[in-house]
Structures are given as C-alpha cells and as structure tokens.
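To keep things clear, I will list the structure first and then write my remarks on it.
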Ligand code: SAH
C-alpha cells in the first residue's frame, strides 16, 4: 500500500465539501464535523484513492475490509456524544480513521483489530506522536479488553450477529454502546444505555451496511 502524506489546499477544500454533505444528510454535531474537517482521510487510504477519498463512500483497505463511509463514522460518533477524557473501546480498527476521529475529540481510545495484517499497519500510524490518547490492540473484539475495563462508551464498527455479553460487562453504568446489529444484508444501528440494574435501554436508528464482526483472530 502506497500512502500519500501531503495534505494540500485541494484536499482541504474537498474535506469542507464533505462536511457540507454530511450536514445536509443530517449530521448536526459541530465538534464531530470539525474533527472530520481536520483529519486527512486520504492518509488512511492507498494513494490510488487520492482523488476520491472525500466522496461519502466506503473504500477497500485490504484483507477484504473497508474504511467506513464518512456518514457512518459521523453518525456513530455523534451517537456516542464524546466528552474529553471519555474512555472508549472501539471494535474494528480497520484503517484507523474512526479511532482517529475519536482521539481528535479528546477521548482515550482503545481500539481492537482481529486481522493481523491490518493490526501490523497500526505500528506505522502516522499520528503516533500527535494522539498519545490512542492505543491499538490485536485481538478478538467479542472478548473486549477486560484489563482496561470499564469503558464509558463502546463502539462496534462491524456488523454484530448479536450483542456481545462480555462487552456489556465492560461498559460502565450509564455508558453507551453503539452497535450495528445484523438483520441480513443490512444492520440496524442501536444505541444501548446500561442501566443501574444491569438492564439495557435500547434506541434504534436506521439501517447501515457493515462488513461482518467475526470471532477469533486472523
Ligand atoms: N473503524 C474502521 C472500520 C473498519 S471495517 C475504520 O475506520 O476504518 C471493520 C473492521 O472490523 C475490519 O477491519 C475487521 O477486520 C474488524 N473486525 C471484525 N470482527 C472483529 C472482531 N471480532 N474483533 C476485532 N475486529 C474485528
């Protein structure tokens, strides 16, 4: 993979257009939009995608995986309602773009990837010295990260076949889990709030399309 690390005036202009598109599509959280305006998405893609990196589309990142569509990243991030120093667990590091958006918002981010080759790329993370609040892990997201639990919020960026019980255990009372749950080829976005008695309050949003959340490491 050949990555381009030049953020030009043209890229910035395209990013502002993308932000305007996301606003039209209903994203209203200014902090989320500002983070998207600040982060060069083309740094997370092969240079072959340089000209189209700011289209509101998912793109391949290797290993049969994709970088999420900007609208999806913005929607999930908005649902999480991130506050500085929130401790967040992300399942599905993929391109590292979504994790970077969370880190830019000041969260302490713990992100897990099950594909070894994608995890290896995190060692060359371009913003390593900028976001000291972002940590990468190789593992199975169904297991979470018990050592670092509990988390204020948990974000799943792959299509979950069911709500992983171990992740609910690792969520603080009052915390949110944002999770796309499988319903065939599409997934319904859920935001779960963990109540004091351990039960879950569920809000449902519209449908999205994610790559599957798979168990075990690869
Ligand atoms: N957040 C990513 C989206 C990548 S697509 C981004 O911004 O680019 C979803 C990712 O989830 C893929 O890389 C896939 O390998 C990973 N994944 C799927 N099941 C997983 C699991 N059980 N644990 C950890 N990662 C998983």
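Residue numbers (our numbering): 125 to 342.
A virtual CB, placed ideally from N, CA and C, is assigned to each residue, including glycine.
Just so it is clear, the structure is predicted and the values come from calculations on it, not from any experiment.
Reference residue i, options the options, closest by Cα
{"i": "residue 157", "options": "198, 263, 236", "result": "198"}
{"i": "residue 330", "options": "311, 176, 338", "result": "311"}
{"i": "residue 286", "options": "207, 259, 266, 299", "result": "266"}
{"i": "residue 184", "options": "213, 219, 161, 208", "result": "219"}
{"i": "residue 301", "options": "308, 321, 328, 307", "result": "328"}
{"i": "residue 268", "options": "326, 214, 204, 323", "result": "214"}
{"i": "residue 313", "options": "167, 216, 304, 283", "result": "304"}
{"i": "residue 236", "options": "230, 258, 248, 289", "result": "258"}
{"i": "residue 335", "options": "282, 251, 271, 167", "result": "282"}
{"i": "residue 217", "options": "190, 167, 127, 323", "result": "190"}
{"i": "residue 251", "options": "225, 240, 261", "result": "225"}
{"i": "residue 234", "options": "307, 332, 279, 165", "result": "279"}
{"i": "residue 320", "options": "228, 147, 299, 159", "result": "299"}
Residues near residue i in its chain [Cβ-Cβ closer than 7 Å; skip 5 each side]
{"i": "residue 202", "result": "151, 153, 156"}
{"i": "residue 149", "result": "195"}
{"i": "residue 270", "result": "294"}
{"i": "residue 182", "result": "190, 191, 192, 193"}
Residues of its chain near residue i, where Cβ-Cβ distance is below 6 Å and the 5 sequence neighbours each way are ignored
{"i": "residue 273", "result": "294"}
{"i": "residue 254", "result": "none"}
{"i": "residue 242", "result": "187"}
{"i": "residue 341", "result": "238, 264"}
{"i": "residue 296", "result": "274, 276"}
{"i": "residue 333", "result": "310"}
Residue i, DSSP secondary structure in three states
{"i": "residue 282", "result": "coil"}
{"i": "residue 202", "result": "helix"}
{"i": "residue 245", "result": "helix"}
{"i": "residue 277", "result": "strand"}
{"i": "residue 160", "result": "helix"}
{"i": "residue 154", "result": "helix"}
{"i": "residue 315", "result": "strand"}
{"i": "residue 343", "result": "Residue 343 lies beyond the range of the chain shown here (125 to 342); nothing can be said about it."}
{"i": "residue 297", "result": "strand"}
{"i": "residue 259", "result": "strand"}
{"i": "residue 208", "result": "coil"}
{"i": "residue 310", "result": "strand"}
{"i": "residue 330", "result": "strand"}
{"i": "residue 224", "result": "helix"}
{"i": "residue 190", "result": "strand"}
Counted within 10 angstroms of its Cβ, other Cβ atoms place residue i as buried (16 or more) or exposed
{"i": "residue 276", "result": "buried"}
{"i": "residue 132", "result": "exposed"}
{"i": "residue 244", "result": "exposed"}
{"i": "residue 210", "result": "buried"}
{"i": "residue 129", "result": "exposed"}
{"i": "residue 165", "result": "buried"}
*asked:* Pairs of beta-carbons, one from the segment 138-148 and one from the segment 162-179, closer than 8 Å: are there three or more?
replied: Yes: at least three Cβ pairs fall under 8 Å.
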